[in-house]
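Each remark here refers to the structure printed beneath this line.
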Amino acid sequence: FTVSCCVRAGCSPSHESSHYHLMKHHKIIFNTVAIALLPIGVYSIATTNSNTCKSTQINMPSTRTIDKILPRPRRHWVGDGFHVYPVFDRFAFTNTVSPLLMFDYAAPKEFPARKHKQPLGVGQHPHRGFETVTIAFQGEVEHHDSTGNSGIIKSGDVQWMTAGRGIIHQEYHSKEFTERGGTFEMCQLWVNLPKKNKMTKPRYQEIVSSSIPTVKLADDASVRIISGDFEEIKGPAKTFSPVNLWDISLPKKGSKVSIPYPSDQACIVFVRRGSVNTDSKILGPQDVAITKIDGESDVLELIVLEDNSSILLMGGEPLNEPIANRGPFVMNTQQELQQAMIDFRTGKMGR
């Protein structure tokens, strides 16, 4: 609501400031001539004396509401090492999830030790026009690419690879994990590049767990900020457009957690583990909620329904550009896709 307070004319500035104050939990005490209640959403406090008129507005938080819920899809294998849920399902590669493109999640799975054997995974393949973001939750993922970059993504680490104008890489279980076996859990998110950056030089960001800032919330909840800004703390990933990727732990059943989030950006909730309630809708493991963008709602409200729940909150500024995709290439036009395939076949990609 809006509260308008007119202070008696003729009051001195020193007396004027004592005529009203805001109490905790929005309890308001006024020594006033008139109080008018107006529309929901803002406190407006106007004070007047014989010479001046002052006005203050305090915007109140508004809660994100759900546009779509995507239930857990069926799993499929990517190569022989990644048994994944294609989480965005039919909305992958559409502006519904922009600036994101696709999201694969490999739930915890036991792999036996494979001593002296070839690691499981995906062999050499190309990419152009977007970025891949790989998070290892359990186990290890190894990477090599045509620009000479290589690395091992260990538990809690993130690899942010910009394919740009073209890269050829391979990804697989690390040699050490292959030898010992164990639980494997990871995800890979594809992030679209703006049209002007589609042909940028390939880039590789190795983001170790210790470099990812964590913000503590109520009831022992916490947010790992991989990219984007949360409460003025910036994640380490460098992006070409505003992209948010937050790994949120919700350990206590019954907790109510408020997550501030930009009102003009896409906000997608993925339940990695456990269960939460948002906008009076229950989300279970591998469910997705795509929230509405209305330019006003700037808080995501969550109720934790199971102990040890965990979500990924992702999204960013929608690109609102045409999307043309085929296999490992994501461009803006069919002609650009054709050129990508020609460049790959003729050996011009990945240099």
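Throughout the sequence shown, residue numbering follows the working numbering, covering 17 to 367 in sequence.
All residues carry an ideal CB built from backbone N, CA and C; glycine is no exception.
The structure displayed is predicted, hence computed values, not measured ones.
- Where L266 is concerned, there is no enclosing alpha helix (DSSP H), although the beta strand (DSSP E) around it starts and stops at V259 to L266.
- Under the Cβ criterion (8 angstroms, minimum of three pairs), the region 206–226 counts as touching the region 174–185.
- In the structure shown, the three-state DSSP call for K364 is coil.
- In this structure, the alpha-carbon of L116 lies about 22 angstroms from that of E317.
- In the assembly as shown, A282 is a buried residue. Its beta-carbon has 16 or more other beta-carbons within 10 Å.
- Boundaries of the alpha helix (DSSP H) around F193: K191 to R196.
- In this chain, the beta strand (DSSP E) harbouring Y121 covers L116 to F127.
- For D105, no beta strand (DSSP E) encloses it, and the DSSP letter there is neither H nor E.
- Inclusion of E187 and Q154 in the CB contact set at 8 angstroms is not warranted, their separation being larger than that value.
- DSSP places S243 in the uninterrupted beta strand (DSSP E) bounded by S238 to S243.
- P210 and L335 have their C-alpha atoms spaced approximately 7 angstroms apart.
- Counting of Cβ neighbours within 10 angstroms places Q204 among the buried residues, the total reaching 16 or more.
- Under the 10 Å beta carbon count, A234 is surrounded by fewer than 16 other beta carbons and is classified as exposed.
- Contact between D314 and S114 does not hold, since their C-beta atoms are separated by about 19 angstroms, which reaches or exceeds 8 angstroms.
- Per DSSP, the beta-bridge partners of N293 are I298 and I319.
- Scanning its chain for C-beta atoms nearer than 6 angstroms, with the 5 sequence neighbours on each side dropped, one finds no residue around N111.
- The beta carbon of E322 lies closer than 7 angstroms to those of K269, G290 and S291 in the same chain, with the five residues before and after it left out.
- Nearest neighbour of N341 by Cα position, chosen from N213, T294 and Q354, turns out to be Q354.
- Here K269 carries a coil assignment [DSSP, helix/strand/coil].
- Boundaries of the beta strand (DSSP E) harbouring M347: F345 to M347, taken from the DSSP string.
- Check the Cα spacing between K131 and each of E352, E192 and G182: the tightest is with E192.
- If you check the CB distance, E312 and S279 come in under 8 angstroms.
- Residue environment for D263: buried (at least 16 other C-beta atoms within 10 angstroms of its C-beta).
- Fewer than three beta-carbon pairs drawn from the region 250–265 and the region 87–105 are found closer than 8 angstroms, and the two stretches are therefore not classed as touching.
- The way I'd put it, the region 139–153 does touch the region 347–363; three or more beta-carbon pairs between them come closer than 8 angstroms.
- Take I306, set aside five residues on each side of it, and the residues of its chain with a beta-carbon closer than 6 angstroms to its own are D83, K84 and I284, in chain order.
- Within its own chain, the residues whose Cβ lies closer than 8 angstroms to the Cβ of I183, once the five positions on either side in sequence are excluded, are P142, H143, R144, D161, S162, T163, M177, P218, M365 and G366, listed in chain order.
- In terms of CA proximity to S238, P229 leads the group G244, D245 and P229.
- Note that the C-beta distance between V103 and D120 is below 8 angstroms.
- D83 sits in a strand when the DSSP states are folded into three classes.
- Per DSSP, reduced to three states, the secondary structure at M177 is strand.
- The straight-line gap separating the alpha-carbon atoms of N293 and K232 is approximately 20 angstroms.
- The beta carbon of P128 lies closer than 6 angstroms to those of G197 in the same chain, with the five residues before and after it left out.
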